[in-house]
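Which chain is which? The protein sequence lines are A and B, in order.
All residue numbers for the first sequence refer to numbering that gives the first Met the number 0, where the first residue is 0 and numbers rise by one.
All residue numbers for the second sequence refer to numbering that gives the first Met the number 0, where the first residue is 0 and numbers rise by one.
Written below as structure tokens is the structure these notes are about.
Number of protein chains: 2
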Amino acid sequence: MEQAHASTREPCELSATEAGRLMAEGQLSSEELVRSCLGRIDRLEPTIGAWVSLDRELLLAQAHAADERRRSGQATELPLNGIPIGIKDVFDTADLPTENGTPAHQGRRPPDDAAAVRLLRQSGALIAGKTVTAELAVYFPGKTVNPYDPQRTPGGSSSGSAAAVACSMVPIALGTQTNGSVIRPASYCGVVGFKPTYGSIPRAGVLRQSPRLDQIGVFSRTVADSTLAVSILQGDRTPQGDMLPWPKIDPERLQREPKQQPRLAMVRTPAWSSAEPQTRRALLRFVAELGCEVQEITLPAVADLAVACHRTIMLSEMAHHYRPLVQEYRHHLSPKLLAMIEDGATIGKDQYIDALGLAEEITGAIDAALDPCTGTLTPATPAVAPEGLESTGSPIFSTLWSLCGVPAISLPLLTGENRLPLGLQIVAARGRDQALVQTAHWLEQNTPHR
Amino acid sequence: MEQAHASTREPCELSATEAGRLMAEGQLSSEELVRSCLGRIDRLEPTIGAWVSLDRELLLAQAHAADERRRSGQATELPLNGIPIGIKDVFDTADLPTENGTPAHQGRRPPDDAAAVRLLRQSGALIAGKTVTAELAVYFPGKTVNPYDPQRTPGGSSSGSAAAVACSMVPIALGTQTNGSVIRPASYCGVVGFKPTYGSIPRAGVLRQSPRLDQIGVFSRTVADSTLAVSILQGDRTPQGDMLPWPKIDPERLQREPKQQPRLAMVRTPAWSSAEPQTRRALLRFVAELGCEVQEITLPAVADLAVACHRTIMLSEMAHHYRPLVQEYRHHLSPKLLAMIEDGATIGKDQYIDALGLAEEITGAIDAALDPCTGTLTPATPAVAPEGLESTGSPIFSTLWSLCGVPAISLPLLTGENRLPLGLQIVAARGRDQALVQTAHWLEQNTPHR
Numbered sequence: 000m001e002q003a004h005a006s007t008r009e010p011c012e013l014s015a016t017e018a019g020r021l022m023a024e025g026q027l028s029s030e031e032l033v034r035s036c037l038g039r040i041d042r043l044e045p046t047i048g049a050w051v052s053l054d055r056e057l058l059l060a061q062a063h064a065a066d067e068r069r070r071s072g073q074a075t076e077l078p079l080n081g082i083p084i085g086i087k088d089v090f091d092t093a094d095l096p097t098e099n100g101t102p103a104h105q106g107r108r109p110p111d112d113a114a115a116v117r118l119l120r121q122s123g124a125l126i127a128g129k130t131v132t133a134e135l136a137v138y139f140p141g142k143t144v145n146p147y148d149p150q151r152t153p154g155g156s157s158s159g160s161a162a163a164v165a166c167s168m169v170p171i172a173l174g175t176q177t178n179g180s181v182i183r184p185a186s187y188c189g190v191v192g193f194k195p196t197y198g199s200i201p202r203a204g205v206l207r208q209s210p211r212l213d214q215i216g217v218f219s220r221t222v223a224d225s226t227l228a229v230s231i232l233q234g235d236r237t238p239q240g241d242m243l244p245w246p247k248i249d250p251e252r253l254q255r256e257p258k259q260q261p262r263l264a265m266v267r268t269p270a271w272s273s274a275e276p277q278t279r280r281a282l283l284r285f286v287a288e289l290g291c292e293v294q295e296i297t298l299p300a301v302a303d304l305a306v307a308c309h310r311t312i313m314l315s316e317m318a319h320h321y322r323p324l325v326q327e328y329r330h331h332l333s334p335k336l337l338a339m340i341e342d343g344a345t346i347g348k349d350q351y352i353d354a355l356g357l358a359e360e361i362t363g364a365i366d367a368a369l370d371p372c373t374g375t376l377t378p379a380t381p382a383v384a385p386e387g388l389e390s391t392g393s394p395i396f397s398t399l400w401s402l403c404g405v406p407a408i409s410l411p412l413l414t415g416e417n418r419l420p421l422g423l424q425i426v427a428a429r430g431r432d433q434a435l436v437q438t439a440h441w442l443e444q445n446t447p448h449r
Numbered sequence: 000m001e002q003a004h005a006s007t008r009e010p011c012e013l014s015a016t017e018a019g020r021l022m023a024e025g026q027l028s029s030e031e032l033v034r035s036c037l038g039r040i041d042r043l044e045p046t047i048g049a050w051v052s053l054d055r056e057l058l059l060a061q062a063h064a065a066d067e068r069r070r071s072g073q074a075t076e077l078p079l080n081g082i083p084i085g086i087k088d089v090f091d092t093a094d095l096p097t098e099n100g101t102p103a104h105q106g107r108r109p110p111d112d113a114a115a116v117r118l119l120r121q122s123g124a125l126i127a128g129k130t131v132t133a134e135l136a137v138y139f140p141g142k143t144v145n146p147y148d149p150q151r152t153p154g155g156s157s158s159g160s161a162a163a164v165a166c167s168m169v170p171i172a173l174g175t176q177t178n179g180s181v182i183r184p185a186s187y188c189g190v191v192g193f194k195p196t197y198g199s200i201p202r203a204g205v206l207r208q209s210p211r212l213d214q215i216g217v218f219s220r221t222v223a224d225s226t227l228a229v230s231i232l233q234g235d236r237t238p239q240g241d242m243l244p245w246p247k248i249d250p251e252r253l254q255r256e257p258k259q260q261p262r263l264a265m266v267r268t269p270a271w272s273s274a275e276p277q278t279r280r281a282l283l284r285f286v287a288e289l290g291c292e293v294q295e296i297t298l299p300a301v302a303d304l305a306v307a308c309h310r311t312i313m314l315s316e317m318a319h320h321y322r323p324l325v326q327e328y329r330h331h332l333s334p335k336l337l338a339m340i341e342d343g344a345t346i347g348k349d350q351y352i353d354a355l356g357l358a359e360e361i362t363g364a365i366d367a368a369l370d371p372c373t374g375t376l377t378p379a380t381p382a383v384a385p386e387g388l389e390s391t392g393s394p395i396f397s398t399l400w401s402l403c404g405v406p407a408i409s410l411p412l413l414t415g416e417n418r419l420p421l422g423l424q425i426v427a428a429r430g431r432d433q434a435l436v437q438t439a440h441w442l443e444q445n446t447p448h449r
């Protein structure tokens, strides 16, 4: 049924998993897929503005190489062979500029691919191009608009990646999250956003904002695609570089164990009062209509300190890493970012060390609270994408989870104001990524998409 | 043969593994073992000064309870049932004072056991008493002397634990290492010292000196005992608290796979020039006489920055955590510690953040350098225990490994000046603790003890 359905859609609308199967069966070439994606980009990019650099010839050349690998039998071990992937413009790429969303880095050409980009290429993937990021992966927005309403933000900072996937310009795109930069745009753009456990994807060659918090994530239109992409990004060796030895995801278990009933919980979190009434109702209705037991958990009191703790760490480290830019390019930086860097510089070493210790304490407590369930449901954002393009929205429903480095996934299963998409966020204890994606897959299969 | 040999020794001279086997066979009671240990303590403690608190009645009561558990069949799943263990006086204990080696904490009675102490009790172990630590686990020595020469330091900061094990007062003792505080006293006292990968033992309830560096380790007289103790201290769940998900050690693999030939390397490290000629010769001769291939590796250049990087992190965090003591108890702290705390307070936040980033870079490079081998041989200390009791010796051969959090073990297989013991240190990449103990066990079995 899926395949019959698939055949009525344009290739660019296929998931990476579907497209990969059709390519393996000889029913689709990477070139056809890429031309379909480029057609979609031609049509929608003038409105959406998801891309900051895209070299059509380079992309087609990669597609031809992938088709050639398949013809010559060299693609059987390459899970993403021929699949175009959008790369947030904070990942270094050797063949396209990497400008980090700031005019201070205009025309910057790093010599090497980031480790994550290298892993994608090694799996046969095509680097489709670089997607728009908010300024230095923080707040000040790029040109991208929300695909559901061009008067609204797509969310940030991984704005272009979320929008490109939502518009079927690519099936998968890379993002990063220091606070809410994967989960929030996924919620606003109605796509799947998956940020695995902190330390499970190598960060070499990615813009350093706040190393204690910076995490890599992916966007796609299905849980299976996000799972596949993250499994590639985890590489096959541990430890390497800055990775921690978390268990790796096996995407084939999604197919082997699809019907296992998850152990679900829900949590309001200290941010609940900042969610709009419609968001709270949408989550509670979703839980009520699930038809299975969902235990409501309350978090340990120390979780109330997470937002302040996160702020101390993020601003301290951001001030440290971005200060060289201030000295040289002050007039290129947004006033908001300059203010954050100045704030960060005033934080004392003892306050910063305190925050690092507190973060460890909160993480231990949150792991313990999330441990009994395979997935805990919570809002992804306080509301749908806000109107206006001057802000990328609130990260408040991601801050706690980013601080703790727990895996989080946003699914487009809720609907908010004006029938706009609203993410259902699911979180789990660190290292429980496999259980989390199994849970997300079960929910995707057993509840109607919005 | 081992057993026949065992029966000619006093019970206190048995390893924990041997004693456990005899107890399981009904040939030894925990009370007999404890009385033998107490006899040894009575005889040697006036000279050695390994203990800061020891309650004979409390210890005997624990032994009786352990014997009762065994008689009633409740001990079969308790790997350390009836074995007395010395606890460095920086681990909280609910039933004995925990004074952290400073008069500022005289009479301090924490309400709960440290997590590590709890894990030992849950495995049936007896808490023998608290062993001498240098002042706040740093440099200023306690009363302990070297069992091989009372005019020499036992090393620090885990002075009492190393000396107590060397004298057969207990078969196993706990230590901590922020710089060289397990490996160094093990080298000087001629015992096995094992510090597993950073983050593999929970630290709740242990004195916080420098959380980025503080690590727990053990002392024993055999590799099997250290392996057994660390396997208990790793607990059975991950993640918990501040632990990282490193693979756990299986002590039974030592017996199942004893003959597997290790892949050995040796490394001089940037500290090589500070080793005394006799130490260098002892290591090189050991390697030459091994009769198997030992590849000499060179470390990446970034390793040269490790000592300065370690210093920045350790002093910064020490200043942060010990400063409240300075305000209240300045006259109780040694001038050297006060100077270190003052030094640490002058380090700026940016320098500290730089050091954290550099530490991550060095760690990745060291993991990669150590990865090809199951164990890399290097000195444990520049020389044998120095004369005099005013210093605990140089940690220079541990600093790099502590910074990186790689597992390290010191074996009493070398001999230095005056035929005094000198540790052979073996290190491995993070998470390769099982390979490391297999390698150490092989070396212990296949080379003559000093």
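Heads up, the beta-carbon is just placed ideally off N, CA and C, and yes, glycines get one too.
Considering only beta carbons, the part of the segment 318-348 of chain B lying closer than 9 Å to chain A consists of Ala318, His319, His320, Arg322, Ala344, Ile346, Gly347, Lys348, in chain order. Secondary structure remark: continuous beta strand (DSSP E) runs of at least 3 residues inside the segment 121-160 of chain B, in chain order: 125-130. Of the residues assessed, Gly25(A) falls on the exposed side of the cut-off, its CB having fewer than 16 other CB atoms within 10 angstroms. With three or more CB-CB distances shorter than 8 Å, the segment 290-299 of chain A counts as touching the segment 359-370 of chain A. The beta-bridge partner set that DSSP reports for Met265(A) consists of Glu295(A), Leu376(A). Within the segment 240-253 of chain B, contact with chain A at the beta-carbon level (separation under 8 Å) is assigned to Gly240, Asp241, Leu243, Pro244, Trp245, Pro246.
For Ser409(B), the enclosing beta strand (DSSP E) starts and ends at 407-414.
With a cutoff of 9 Å on beta-carbon distance, Arg202(A) and Ala136(A) are scored as not near each other. Here Val116(B) is not bridged, per DSSP, to any residue. Neighbours of Gly174(A) across chain B, judged by C-beta separation under 9 Å, do not exist; the nearest C-beta is about 22 Å away. With distances taken between CA atoms, Leu232(B) lies nearest to Ile84(B) out of Glu416(B), His331(B), Ile84(B).
A Cβ-Cβ separation of about 24 Å leaves Val383(A) out of contact with Pro406(A) under the 8 Å criterion. In this structure Thr101(B) touches His331(B) by the C-beta definition: roughly 6 Å separates them, less than 8 Å. Taken in chain order, the members of the segment 201-226 of chain A whose beta-carbon sits within less than 7 Å of a beta-carbon on chain B are Pro210. Within chain B, the residues Lys348, Ile352 have their CB atoms less than 8 Å from the CB of Ser315(A), given in chain order.
When DSSP states are grouped into helix, strand and coil, Lys87(B) belongs to the strand group.
Assigned with DSSP and collapsed to three states, Ala172(B) falls in strand. Contact between Gly192(B) and Ala165(B) is ruled out by a C-beta separation of about 11 Å, above the 8 Å threshold. The C-beta separation of Leu53(A) from Gly128(A) comes to about 3 Å, placing the pair in contact by the 8 Å criterion. About 4 Å separates the beta carbons of Ser186(B) and Ala379(B), which is inside the 8 Å limit, making them a contact pair. Arg8(B) and Pro244(B) have their C-alpha atoms spaced approximately 40 Å apart. Within the segment 358-380 of chain A, the residues whose Cβ lies closer than 7 Å to any Cβ of chain B are, in chain order, Glu359, Gly363, Asp366. Here the segment 314-328 of chain A does not lie against the segment 117-125 of chain A, with fewer than 3 beta-carbon pairs under 8 Å apart. In the three-state DSSP reduction, Glu316(A) falls in the helix class (H, G or I). The Cβ atoms of Ser401(B) and Gln214(B) lie closer than 9 Å to each other.
Rounded to the nearest whole angstrom, the CA to CA distance from Gly174(A) to Ser157(A) is 5 Å.
Contacts with chain B at 9 Å (Cβ-Cβ) include Arg429(A). Boundaries of the alpha helix (DSSP H) around Gly38(A): 29-47.
Gly404(A) does not reach chain B, its nearest Cβ partner there being about 10 Å away, counting only Cβ pairs nearer than 8 Å.
Glu76(B) and Ser230(B) have their alpha carbons spaced roughly 14 Å apart.
The Cβ atoms of Trp441(B) and Gln259(B) lie closer than 9 Å to each other. Rounded to the nearest whole angstrom, the CA to CA distance from Phe285(A) to Ser397(A) is 20 Å.
Where Lys194(B) is concerned, the enclosing beta strand (DSSP E) starts and stops at 191-194. Chain-ordered, the chain A residues with CB closer than 7 Å to the CB of Gly356(B) read Pro210. DSSP, read as helix, strand or coil, puts Ser219(B) in strand. Short of 7 Å from the beta carbon of Leu314(B), and not among the five residues preceding or following it, lie these beta carbons of its own chain, in chain order: Met339, Asp342, Gly343, Ile346.
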